[in-house]
Amino acid sequence: DTLIRRLHRAYRTRWEIMGEALHTHMPQSAHVPSFGGTSFWVKGPQRLDSDELAVAAAKKGILIEPGRVTFGIEAPPRNFFRLAFSSIDEKKIEPGIRLLAELITNR
77 DTLIRRLHRA YRTRWEIMGE ALHTHMPQSA HVPSFGGTSF WVKGPQRLDS DELAVAAAKK
137 GILIEPGRVT FGIEAPPRNF FRLAFSSIDE KKIEPGIRLL AELITNR
């Protein structure tokens, strides 16, 4: 019970930090605001290719999961991606989201 409560608090804190960072640095993007998992599902600008973003972000030390693999259709939208937060140091979340937003803006 103690471990579960501690993990829940840690995930809740990271979720709140990431949600605020997304709201601040990517207000144009839609994201699922509910708590219940360990990642955010983000819809980027229509022009965004999340596969290209994943490569550029990885070069900066940021890992995202392109969303196209989760769609069960032949021509999936390419502007969706998933951001996990369960294993990220709280202090690295906001700077990482800020940098990711810059990468999206400059694409």
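Whatever position you read off the sequence shown (first residue = 1), add 76 for the numbering used here. All residues carry an ideal CB built from backbone N, CA and C; glycine is no exception.
Alpha carbon of THR78 to alpha carbon of GLU92, nearest angstrom = Each residue's Cα considered, the two are about 21 Å apart.
CA-to-CA distance, LEU83 to VAL131, given in whole angstroms = Rounded to the nearest angstrom, the two C-alpha atoms are 30 Å apart.
message = Is the beta carbon of ALA106 closer than 9 Å to that of LEU179?
response = Here LEU179 is not near ALA106, since their CB atoms are 9 Å or more apart.
task = Would you give the residue range spanned by the beta strand (DSSP E) that ARG115 belongs to?
result = Here the sequence assigns Ser to residue 115, which means Arg is not the residue at that position. Per DSSP, SER115 belongs to the beta strand (DSSP E) from 115 to 119.
request  = Could you please give the first and the last residue of the uninterrupted beta strand (DSSP E) stretch that includes THR159?
outcome  = Checking the sequence shown, residue 159 turns out to be Leu, not Thr. According to the DSSP assignment, LEU159 belongs to the beta strand (DSSP E) that extends over 156 to 160.
key: Of the listed residues GLU150, ALA151, THR181, GLU170, nearest to ILE138 (C-alpha basis)   = Across the set GLU150, ALA151, THR181, GLU170, the C-alpha of GLU170 shows the shortest separation from the C-alpha of ILE138.
query = What is the DSSP secondary structure of ALA132, reduced to helix, strand or coil?
reply = Of the three classes helix, strand and coil, the one that applies to ALA132 here is helix, per DSSP.
request  = Return the residue from the list ARG90, ALA97, LEU124 that minimises the CA-CA distance to ARG183.
outcome  = Per the C-alpha coordinates, the member of ARG90, ALA97, LEU124 positioned closest to ARG183 is LEU124.
Buried/exposed call for ARG88, threshold 16 Cβ in 10 Å = A residue is called buried when at least 16 other Cβ atoms come within 10 angstroms of its Cβ; ARG88 does not meet this threshold and is exposed.
request  = Have a look at ALA151 and PRO103 and give me their C-alpha separation to the nearest angstrom.
outcome  = ALA151 and PRO103 have their alpha carbons spaced roughly 26 Å apart.
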